[in-house]
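Single-structure report; data block below.
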Amino acid sequence: MHETMVAESILRTIIEQAEQVNAKPISAIISCGQFNTLNDEVMSFAFETAAAGTICEKMTLEIKHIPLRATCKQCQTIFEFDVSKPHCAACESSDYVFQPDAPLLLETIEFEE
Ligand SMILES: [Zn+2]
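So the number in the working numbering is just where the residue sits in the sequence shown, counting from 1, plus 563.
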């Protein structure tokens with residue numbers, strides 16, 4: 564499962580950083596785009612399972628979903644793409660190009676004081 568692999572990879576990164584600063588991580592924020600999106604519940608469970616017995620046990624993981632953006636070719640407006648309204652938010656043109664999807668990113672890790 565996608566989430567399990569992501570959880571294990573994120574966990575490895577957090578453990579490495581925790582060892583560098585010699586502190587216990589308490590929370591982390593990750594962000595993902597729309598094409599490589601993560602299911603919050605599955606991800607939380609996968610992370611909890613992977614973190615059991617490590618320095619990351621009991622830490623919280625927040626998942627931010629970054630919307631897909633598109634640029635209108637008519638009026639150059641950059642808008643958040645909504646599948647139920649697939650047109651430019653400003654001029655309603657359906658002539659637009661998608662911007663690159665947000666990558667999966669470990670944004671911040673908070674450590675215990
Ligand atoms: Zn437009």
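Ideal Cβ positions, reconstructed from N, Cα and C, are used throughout, including at glycine.
Would DSSP call L667 helix, strand or coil? Position 104 of the sequence shown, counted from the start, is the residue given in the question as residue 667. Of the three classes helix, strand and coil, the one that applies to L667 here is coil, per DSSP.
How about the stretch 643-650 and the stretch 569-589: do they share at least three Cβ pairs that are nearer than 8 Å? Because the criterion of three Cβ pairs below 8 Å is not met, the stretch 643-650 and the stretch 569-589 do not touch.
Shell residues, 6 Å Cβ cut-off relative to heavy atoms of ligand 1: In chain order, the hits are C635, Q637, C638, T640, C651, A653, C654 and S656.
Have a look at A652 and H628 and give me their C-alpha separation to the nearest angstrom. If you number the sequence shown from 1, residue 652 lands on position 89. If you number the sequence shown from 1, residue 628 lands on position 65. The alpha-carbon of A652 is positioned some 20 Å away from that of H628.
Nearest to P663 (by Cα), restricted to the options I589, Q583, K587 and F598: Walking along the sequence shown from the start, residue 663 turns up at place 100. Closest by alpha carbon: F598.
Boundaries (first-last residue) of the beta strand (DSSP E) holding I578: In the sequence shown, the residue the question calls residue 578 occupies position 15. Bounds of any beta strand (DSSP E) do not take in I578; it lies within the alpha helix (DSSP H) bounded by H565 to V584.
Closest to E620 by CA distance: which of I626, L631, C635 and F608 is it? Residue 620 sits at position 57 when you count from the first residue of the sequence shown. The option with the nearest alpha carbon to E620 is F608.
In chain order, what residues of the same chain lie with their CB nearer than 6 Å to the CB of L624, ignoring the 5 residues before and after it? In the sequence shown, residue 624 corresponds to position 61, counting from 1. Here the set comprises A591 and F610.
How many angstroms separate the CA atom of A615 from the CA atom of S657? Reading the sequence shown from its first residue, position 52 is the one you call residue 615. Reading the sequence shown from its first residue, position 94 is the one you call residue 657. Between A615 and S657, the C-alpha separation is close to 48 Å.
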